[in-house]
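Notes for the one structure printed next.
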Amino acid sequence: MRLVVVFAISLFIFGCQSGKQARELMKQHRAEAVPMTGMMSYMADAASFVECGTGDRYAVKFKGDWLEVERAYVNMRQNGEPVYVEFFGRTEDDSTDGNVRAGVVIEEITEMKPDTVCQK
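Going from the sequence shown to the numbering used here is simple: count from 1 and add 315.
As structure tokens, then:
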């Protein structure tokens with residue numbers, strides 16, 4: 316019985332530590348976020364973002380504020396049509412299949428405009 320109690324307390328402490336570490340990491344990521352603007356497309360569980368200023372294309376990671384972005388996009392657009400977005404984000408490389416590709420994490424969406432495009 317005593318071993319079970321010690322084990323339960325250990326799990327609780329470990330869980331609290333992991334939660335605290337996750338919250339600290341989330342705060343750090345938000346602090347690293349920079350303003351970004353561009354055109355985003357989403358279709359078949361894949362999203363991409365083309366930055367206005369550079370024309371660089373990024374895969375959008377399904378992290379950060381993604382669920383809110385996805386809901387808003389689906390309400391505005393269909394079939395992968397691009398929508399203008401402004402957000403605070405950060406780049407994060409993806410190498411899940413062995414090939415390194417640039418990705419972007421949308422930490423906080425600030426604007427989505429279906430009737431706007433990047434200025435040249």
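Beta carbons are placed, not taken as given, at the ideal position from N, Cα and C, and that holds for glycine.
Taking the beta strand (DSSP E) that residue i belongs to, which residues open and close that run?
i, result
"Val365", "361-366"
"Glu383", "Segment 381-391 is the alpha helix (DSSP H) holding Glu383; no beta strand (DSSP E) there."
"Phe377", "No beta strand (DSSP E) contains Phe377, which DSSP labels as neither H nor E."
"Gln425", "The displayed chain sequence assigns Thr, not Gln, to residue 425. Run containing Thr425: 418-428, per the beta strand (DSSP E) assignment."
"Ser356", "349-358"
"Thr297", "A question about residue 297 goes unanswered here, because the residues of the chain that appear run from 316 up to 435."
Please identify the residue among the options whose C-alpha is closest to the C-alpha of residue i.
i, options, result
"Val419", "Lys376, Val349, Gly368", "Lys376"
"Val384", "Ala417, Arg372, Glu401", "Glu401"
"Ala361", "Asn394, Glu347, Cys433, Glu407", "Asn394"
"Glu366", "Glu396, Gly379, Lys378, Met351", "Met351"
"Met427", "Trp381, Gly368, Thr369", "Trp381"
So, under 8 Å CB-CB, residue i and residue j are touching, yes? Tell me the CB distance rounded to an integer number of Å.
i, j, result
"Ser363", "Ala374", "6 Å"
"Phe403", "Thr425", "7 Å"
Could you tell me whether the Cβ atoms of residue i and residue j are closer together than 8 Å?
i, j, result
"Met354", "Tyr399", "yes"
"Pro429", "Arg386", "no"
In angstroms with no decimal places, state the Cα-to-Cα distance between residue i and residue j.
i, j, result
"Glu423", "Met358", "21 Å"
"Val349", "Arg405", "6 Å"
"Arg372", "Arg416", "10 Å"
"Ile421", "Lys435", "23 Å"
"Glu396", "Glu407", "24 Å"
"Asn414", "Lys378", "20 Å"
"Cys433", "Ser410", "29 Å"
"Glu347", "Asp412", "26 Å"
Is the CB of residue i under 8 Å away from at least one CB in chain C?
i, result
"Pro397", "Structure shown: chain C not included; a single protein chain is present."
Can you find a heavy atom of the ligand NAD that lies under 7 Å from the Cβ of residue i?
i, result
"Phe364", "Ligands in the displayed structure: none, and consequently the ligand NAD is not present."
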